[in-house]
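Following: one structure in structure tokens, then a few remarks.
In the working numbering, the protein residues as written are 15 to 481.
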């Protein structure tokens, strides 16, 4: 019986049959040597990147806001400090057949402030909001694009849903009037990256440019990624943030079908009540937030006012469920720990958290568990945790931007915005929620949480600027 060639193909047998066996095995030795050199190179590259990060500080030099309770930074911050809600009855569409009739809509917004009329027609509202907030932020930073290197100015912008209004309108046209009525601008109007693209086109930013899409963590991912671009010397200035235009019939119906939305239709301003025992779901919001992240020495050379400093980030995944957080908020807790480590801080350093705090019965309890897992006994005294969604509603993919802005303003002014509508404490959410009234407290560091469908978790750390 003939033996298979494989049965006799041992290294010793092969070497006997080959005149120069060293010629066969030398490449294996070379491969191991190359692999060792490759791994050593990676270690050196990692250390080099860490050295760059430790040298290049990232500061906040401009901010722009478009929110249900304010169309600019000053109005928005004044509304937060004074506990003013932007939530009311939906006016965008007929809610007669809907279970939910309330949302945080924008008021008196004119997209032609940032775009010409043709551009308005050719872009979805989420892009209108993005360009408006980014333009406002650039102006707030005092940046003249003619006087900076445009190739060192980038844009990373987040949106969880993108052009859902465009999709809804176009789908109706397709069904009612046929494919010939579908606009050639349908696809560019709908896709999430168009906001970043239009910002670069309008402002002339030619550096890194892309979208972050991770549901309600999108804007926070964008800000973290943008900060890394500056830290890694891939840009001097980054325009980062997020926008969402999700107050549409199909969006509200979809979230309502999943039992995620509050049905307190008769008292809209009291409907969003994070951490309160009688919370019954989140309130849809819309808008945008933009932040200018700049390398410190670059900012100093142009005489910029420094509003705050970016200190660290933590990105994690739950790997658990499409819409629910991992039990006890484990993924969110890891994100916070990573962010604190990245910032070089201990739990004793952080005095304020702007929570994800959506006002859902399950989510707020899980975030509370995550915060307690990280901060332990400190949650009983010395750690304030508020949710500004109580005033804006949930801006989905834009939320990480408008809430990071709230953190920077809290650091700058020494005022912690409240959680309004906090009336009946929930024993499962036993945090200091800064109930109903702002608190004047000087703080050095603030942490912002953003968690998204798909199990995406982001924690960002900001600090009051100090030389």
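We put the beta carbon where it would ideally sit given N, CA and C, even for glycine.
This one's a predicted model, so the numbers in the text were calculated from it and none came from an experiment.
- Assignment of residue 219 by DSSP, reduced to helix, strand and coil, places it in the coil class.
- The Cβ neighbour count for residue 440, taken over all protein chains shown within 10 Å, is at least 16; the residue is labelled buried.
- Across the set 138, 149 and 115, the C-alpha of 149 shows the shortest separation from the C-alpha of residue 86.
- For residue 230, the secondary structure class from DSSP, reduced to helix, strand or coil, is strand.
- DSSP places residue 405 outside any beta strand (DSSP E); the residue lies instead in the alpha helix (DSSP H), whose first and last residues are 403-406.
- In this structure, the CA atom of residue 475 is about 12 Å from the CA atom of residue 329.
- In its chain, beyond the 5 residues on either side, 435, 436, 437, 438 and 440 have a beta carbon closer than 7 Å to the beta carbon of residue 290.
- Around the C-beta of residue 58, fewer than 16 other C-beta atoms lie within 10 Å, and the residue is accordingly described as exposed.
- DSSP, reduced to helix, strand and coil, places residue 75 within a strand of the structure shown.
- Taken through DSSP and simplified to helix, strand or coil, residue 455 comes out as coil.
- Residue 82 holds the alpha-carbon nearest to the alpha-carbon of residue 259 among 82, 109 and 478.
- Under the Cβ criterion (8 Å, minimum of three pairs), the segment 384-397 does not count as touching the segment 138-155.
- Judged by DSSP in its simplified three-state form, residue 245 adopts helix.
- Counting along the chain, residue 368 sits inside the beta strand (DSSP E) bounded by residues 366-368.
- Approximately 33 Å separates the beta-carbon atoms of residue 307 and residue 266; this is outside 8 Å, ruling out the contact.
- Where residue 473 is concerned, the enclosing beta strand (DSSP E) starts and stops at 470-477.
- About 12 Å separates the beta carbons of residue 374 and residue 467, which is beyond the 8 Å limit, so they are not a contact pair.
- Distances from the CA of residue 171 to each of 124, 207 and 221 were compared; the closest alpha carbon is that of 207.
- Rounded to the nearest whole angstrom, the C-alpha separation of residue 478 and residue 461 is 12 Å.
- Taken through DSSP and simplified to helix, strand or coil, residue 51 comes out as helix.
- The straight-line gap separating the alpha-carbon atoms of residue 365 and residue 431 is approximately 13 Å.
- Looking at the backbone, the Cα of residue 447 and that of residue 292 are separated by about 15 Å.
- Nearest Cα to residue 452 within the set 433, 318 and 459: 433.
- Between residue 326 and residue 357, the C-beta gap is smaller than 8 Å, which places the two residues in contact.
- A direct Cα-to-Cα measurement between residue 109 and residue 354 gives close to 44 Å.
- Between the segment 153-165 and the segment 223-232 there are fewer than three inter-stretch CB-CB distances shorter than 8 Å, so the stretches are not counted as touching.
- When secondary structure is reduced to three states using DSSP, residue 395 falls in the coil class, being assigned neither helix nor strand.
- Only residues of its own chain outside the window of five on either side were considered, and among them 204 have a CB closer than 7 Å to the CB of residue 181, listed in chain order.
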